[in-house]
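> Below you'll find the structure I mean.
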């Protein structure tokens, strides 16, 4: 999976390009060329992200039955982290 810093940099770059995008009365064609290029780059990035997610799910190790997965649960409108419970022996249940 892509590093979160790389994803953040890529999104920041797209935002910068979008911020600079403006029609020009001198060269109206340039606006449409840049707009189409930005749309293509965003769609390519979305496809790559979708493919990486699918590959990550397919390759990810599957937990053994009965194991507790770590994650976040919505409870009473707030997010609560889920942690495994430990027996008195110190091993996860």
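In the UniProt record's numbering, the protein residues as written are 1 to 93. The beta-carbon is built from N, C-alpha and C at its ideal position, and this holds for glycine as well. Remember, predicted model here, so these are calculated numbers, not experimental data.
1) Rounded to whole angstroms, what is the Cα-Cα separation between residue 50 and residue 4?
2) Taking the alpha-carbon positions, what's the residue 12 to residue 34 distance?
3) State the Cα-Cα distance for the pair residue 14 and residue 22, rounded to the nearest angstrom.
4) Answer with yes or no whether the minimum CB distance from residue 26 to chain B is below 7 Å.
5) My parser needs the beta strand (DSSP E) runs of 3 or more residues fully inside the region 14-58; what are they?
So, from the listed chains and residues:
1) Residue numbering aside, residue 50 sits at position 50 when the chain shown is read from its first letter. Residue numbering aside, residue 4 sits at position 4 when the chain shown is read from its first letter. In a straight line, the C-alpha of residue 50 is about 15 Å away from that of residue 4.
2) Numbered from 1 along the chain shown, position 12 holds the residue referred to as residue 12. Numbered from 1 along the chain shown, position 34 holds the residue referred to as residue 34. Each residue's alpha carbon lies about 17 Å from the other.
3) Counting from 1 along the chain shown, the entry for residue 14 is found at position 14. Counting from 1 along the chain shown, the entry for residue 22 is found at position 22. If you draw a straight line from the Cα of residue 14 to the Cα of residue 22, it comes to about 14 Å.
4) Although the question refers to chain B, the structure presented lacks it and comprises just one protein chain.
5) Runs found: none.
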